[in-house]
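**Q**
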Amino acid sequence: MARITMREAISQALWEEMEHDPNVFIMGEEVGLWGGTYAVTKGFYDHFGAKRVRDTPIAEAAIIGSAIGAALTGLRPIAELMTINFAFSAMDHIVNEAAKFRYMFGGQFTIPMVIRTVGGGGRQLGATHSQTPDAVFAHFPGLIVVSPGTPEDAKGLLKSAIRSDDPVLFIENATLYQVRGEVPEGEYTIPLGKSKIQRPGKDVTIVTYSKMLEISYKAADQLAKSGIEAEIVDLRSLRPLDMQPVIESFKKTNRAVIVEEGWKSYGVGSEVATRIYENAFDYVDAPVKRVAQKEVPLPYNQQLEQMALPQVDDVIQAVKEVL
Amino acid sequence: MEKQEYLDLYYQMVLIRLVEERAAQLYQQGKIGGFLHLYIGQEAVSTGLISVRKPQDRIITAYRDHGAALNCGIPAKEVMAELLGKATGCSKGKGGSMHMLDVEKNFWGGHAIVGAHLPIAAGLALGDLYQENDSVTICMFGDGATNIGYFHEALNLSKIWNLPILWVCENNQYGMGTAVEKASAVSEIRQKAEGYGIPNRRVDGMNVLEVRKNAGEVIDKIRSGEGPFFLEIITYRFRGHSMGDPERYRQADEIKKWQENDPIGILRNVLIGEKIVTEAELDVIDAQVEDEVQAAVQFAESSPDPEPEALFENVYAGEYTDG
Ligand SMILES: Cc1ncc(C[n+]2csc(CCOP(=O)(O)OP(=O)(O)O)c2C)c(N)n1
Ligand SMILES: [Mg+2]
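What follows is the structure, given as structure tokens:
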């Protein structure tokens, strides 16, 4: 096992898949000369050249639209959107074209593309640049939505995403790039659409993903000091949503808290809670709790922004309420 | 031009320069968060343009907005307070560097999604046309923004509806690290206006008097009902795209070459060379600006953060119950 950062893990996955398959290529804003705005593709341009590491104009619709077209010819584009906030400028191509073409045209082709992007708040970037709209994209059948919380998962899931024959939206979190974790040596992949127990426990189930995994770990550490053993289930993929580990855990703990960074209304927590009620109603000992962002656009001021974002204490409080 | 008008141009450019230099320091001290895009090097553009606008004329720009904000008459202390996220900032600490706006000054922002404000600018102009106001909208944007669909939709609309709008492309040679020639099919950006039948000019943006003269002439045309006009203003940003830009995409001697064309130095030389003012008079202005910016920083630092309640204010204009 090697201990590497999330940034390195993602970079390795891209590098390995580029080496592995000449049909894989990267395109996006500042991915080449600059080396990626978050330095994920640093060194790629020099090694793979301008044909396979393509700097694009600021033209999100063209980035995603042309990635779809290239995928239709058999290539495996990795289209990068500098942040998920700019995905709205490409919304039509993501949800109306990428997500629907295969179905609507009777399964005549596949769309093997990855949209890599970065979401999340907490960096004082203001309302337009701080969003976590993951659930919006997970709403659309035909799209796969992945959002890892550890370097190991990021690497294995991204490799699977690149090899997948379906369009995958791969959502990273800017505040996780420096986080380190153990990653297996050598070649490995992790299947898309599989949740994972990241921390075993028996008293309460915390369901979460991405940045909020970190927050949930911290909450679980503190809860452990007062003898409460939280089990953390990491969704890793929002669509398809693998509820089996969640339901199994819930049948054991009978209590659940769902932690997400995005807004609560119509969010990931709403979906997961409903599926718990639908599939394990007889096991419910307390109403399922959701911890999420306050229902406001994120403000610039640091204190206000932190007030709006889910904190460790919010998770602890929610756990205490369901116990 | 009156002597006082020359002095005022000089004063505003020096004010922008100093506010930006202080902002860079405050950013390095961790007092400003998020992204900070400095206007240093481009002062002559917004200063020249806005010097000829009438109070009823609307100004709208992208995220590199401190210069335009100051030119529109937002006091330096309110700009500084916004940068520090304080309640006394022009956007009450909720917008930050990229999202400044002041309706009373007819300054309509401060917009951080590249190109998104162009259709909005067309709407401002439509509002004025519709209500038969004697107003012109001046919309500024970068060279990079001319490659996104929003630009093309907005220009087209402005022409077919004969909107009273001045499109101003600040061609500072780069969109982040991507040189104009690499991102735009035509590197003479004004040719894009040509494609929509919009009359246009290319102007030296390091000379505030040139900018002012051209802007004055074309704004008069627009006001008289001739429809949209397009200015491509050639300029250069002396600093990185935003704080922390590694600037791998350009050479130090290129920056040096442009810095020899410092817009403030150029104006100084003209004013002294043509004996419009004395050096001593300009030095007095320098000292005044120094004091003003010092006071602005003090004001900002001693201003309060927004109250916690501000987090939930202004999500909607109406009152609704949700829950
Ligand atoms: C739709 C969208 N895509 C990408 C970005 C990220 N981004 C911010 S500024 C910028 C470069 C813009 O360049 P230009 O329009 O030339 O303006 P300049 O920064 O040179 O003033 C990019 C790519 C964004 N804010 N919005
Ligand atoms: Mg530019």
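Protein chains in written order, with the working numbering: chain X, 1375 to 1697; chain L, 203 to 525.
No residue lacks a Cβ here, since even glycine has one placed at the ideal position from N, Cα and C.
1. Beta-carbon of X/M1681 versus every beta-carbon of chain L: anything under 8 angstroms?
2. Considering only C-alpha positions, which residue in the set X/I1606, X/R1613, X/L1587 is nearest to X/P1619?
3. Determine the burial state of L/H443: buried for a count of at least 16 other Cβ atoms within 10 Å of its Cβ, exposed for fewer.
4. Using a Cβ cut-off of 9 angstroms, pull out every chain X residue sitting near L/I315, in sequence order please.
5. Would you please verify whether the beta carbon of L/I457 is less than 8 angstroms from any beta carbon of chain X?
6. Is L/M302 helix, strand or coil by DSSP?
7. Regarding X/S1644 and ligand 1, is the C-beta to nearest heavy atom distance less than 7 angstroms?
8. Under the DSSP definition of a beta bridge, which residues are partnered with L/Y376?
9. X/A1433 versus chain L: which residues are under 8 angstroms apart at the beta carbon?
10. At a cut-off of 7 angstroms, is L/G275 close to ligand 1 when judged by its beta-carbon and the heavy atoms of the ligand?
11. Output yes if chain L places a C-beta closer than 8 angstroms to the C-beta of X/N1675; else output no.
12. Counting only C-beta atoms, is X/V1510 closer than 8 angstroms to chain L at any point?
13. Between the beta-carbon of L/A289 and the beta-carbon of L/D493, is there less than 8 angstroms?
14. List, in chain order, every chain X residue whose beta-carbon is nearer than 9 angstroms to that of L/F237.
15. Beta-carbon within less than 7 angstroms of L/S253's beta-carbon, same chain only, minus the 5 sequence neighbours each way: which residues are those?
16. Which ranges would you report for the alpha helix (DSSP H) in the segment 1461–1543 of chain X if only whole runs of at least 4 residues count?
17. Does the distance between the C-beta of L/E280 and the nearest non-hydrogen atom of ligand 1 fall short of 7 angstroms?
18. Thinking just about the alpha-carbon of each residue, which of L/G520, L/H354, L/A226, L/G346 is nearest to the one in L/I322?
19. Could you tell me whether the segment 1401–1409 of chain X touches the segment 445–452 of chain L, using the rule of 3 or more Cβ pairs below 8 angstroms?
20. Straight-line CA distance for L/T537 to L/A356?
21. Between the alpha carbons of X/E1454 and X/W1389, how many angstroms are there, rounded?
22. Report whether the distance from the Cβ of L/Y213 to the nearest heavy atom of ligand 2 is below 7 angstroms.
23. Taking beta-carbon pairs under 7 angstroms, can you tell me which members of the segment 428–453 of chain L lie near chain X?
24. Can you tell me whether X/A1424 is buried or exposed? The criterion is at least 16 other CB atoms within 10 Å of its CB, across all chains shown.
25. Helix, strand or coil for X/N1547 per DSSP?
26. May I ask you to check if the CB of L/Y352 is nearer than 7 angstroms to at least one heavy atom of ligand 2?
27. Measure the C-alpha to C-alpha separation of X/K1533 and X/V1488 and round it to an integer number of angstroms.
28. So which of L/V316, L/E428, L/V221 has the shortest CA-CA distance to L/R496?
29. Measure the Cβ-Cβ separation of L/A270 and L/V281 and say whether it is below 8 angstroms.
30. Name the chain L residues whose beta carbon is nearer than 8 angstroms to that of X/V1670?
31. Taking any Cβ of chain L, which residues in the segment 1384–1417 of chain X have a Cβ under 8 angstroms from it, in chain order?
32. Can you tell me whether DSSP reads X/L1688 as helix, strand or coil?
33. Please state the DSSP three-state secondary structure of X/P1396.
34. If we cut at 8 angstroms on Cβ distances, does L/P510 have a partner in chain X?
35. Less than 8 angstroms separating the beta-carbons of L/G407 and L/A264?
36. What residue range is occupied by the uninterrupted alpha helix (DSSP H) comprising X/P1451?
**A** In brief:
1. Yes, because at least one Cβ of chain L sits closer than 8 angstroms to the Cβ of X/M1681.
2. Cα-wise, what sits closest to X/P1619 is X/I1606.
3. Per the 10 Å Cβ criterion, buried.
4. Under the 9 angstroms cutoff, chain X gives N1459, F1460, F1462, S1463, T1502, H1503.
5. Chain X contact via Cβ: absent.
6. Of the three classes helix, strand and coil, the one that applies to L/M302 here is coil, per DSSP.
7. Checking every heavy atom of ligand 1 against the Cβ of X/S1644, none is found closer than 7 angstroms.
8. Among the bridge pairs identified by DSSP, L/Y376 is matched with L/A381.
9. Within 8 angstroms Cβ-Cβ: N349, I350, G351.
10. No; taking the cut-off as 7 angstroms, the Cβ of L/G275 has no heavy atom of ligand 1 nearer than that.
11. Proximity of X/N1675 to chain L, defined by a Cβ-Cβ separation below 8 angstroms, is satisfied.
12. Not one chain L Cβ lies under 8 angstroms of X/V1510.
13. Going by beta carbons, L/A289 and L/D493 fall outside the 8 angstroms limit.
14. What L/F237 touches in chain X: R1497, Q1498, L1499, G1500, H1503.
15. In chain order, L211, R414 place their CB closer than 7 angstroms to the CB of L/S253, counting only its own chain and leaving out the 5 sequence neighbours on each side.
16. You should have 1475–1478, 1508–1512, 1525–1537.
17. No; taking the cut-off as 7 angstroms, the Cβ of L/E280 has no heavy atom of ligand 1 nearer than that.
18. Nearest in C-alpha terms to L/I322, of all of L/G520, L/H354, L/A226, L/G346, is L/H354.
19. With a cut-off of 8 angstroms on Cβ pairs, the segment 1401–1409 of chain X is in contact with the segment 445–452 of chain L, counting three or more such pairs.
20. Since the displayed chain L opens at 203 and closes at 525, residue 537 of chain L lies outside it and no answer follows.
21. Their Cα atoms are separated by approximately 15 angstroms.
22. L/Y213: no, Cβ never under 7 angstroms from ligand 2.
23. Hits within the stretch, in order: R450, Y451.
24. That one is exposed.
25. Annotated three-state conformation of X/N1547 is strand, per DSSP.
26. Answer for L/Y352: no, Cβ out of range of ligand 2.
27. The straight-line gap separating the alpha-carbon atoms of X/K1533 and X/V1488 is approximately 10 angstroms.
28. The sequence shown places Gln at residue 496 of chain L, not Arg. Of all alpha-carbon atoms in L/V316, L/E428, L/V221, the one lying nearest the alpha-carbon of L/Q496 is that of L/V221.
29. If you check the CB distance, L/A270 and L/V281 do not come in under 8 angstroms.
30. Near X/V1670 (Cβ distances below 8 angstroms), the residues of chain L are L513, F514, V517.
31. For the segment 1384–1417 of chain X, the set of positions with a beta-carbon nearer than 8 angstroms to some beta-carbon of chain L reads E1403, E1404, L1407, W1408, G1409, T1411 in chain order.
32. The amino acid occupying residue 1688 of chain X in the given sequence is Asp; Leu does not appear at that position. DSSP, read as helix, strand or coil, puts X/D1688 in helix.
33. Look at X/P1396 here: in three-state DSSP terms it is coil, with no helix or strand label.
34. Cβ-Cβ to chain X under 8 angstroms: yes for L/P510.
35. No; because the gap between Cβ atoms is not below 8 angstroms, this pair is not in contact.
36. Careful: X/P1451 lies outside any alpha helix (DSSP H), inside the beta strand (DSSP E) at 1450–1455.
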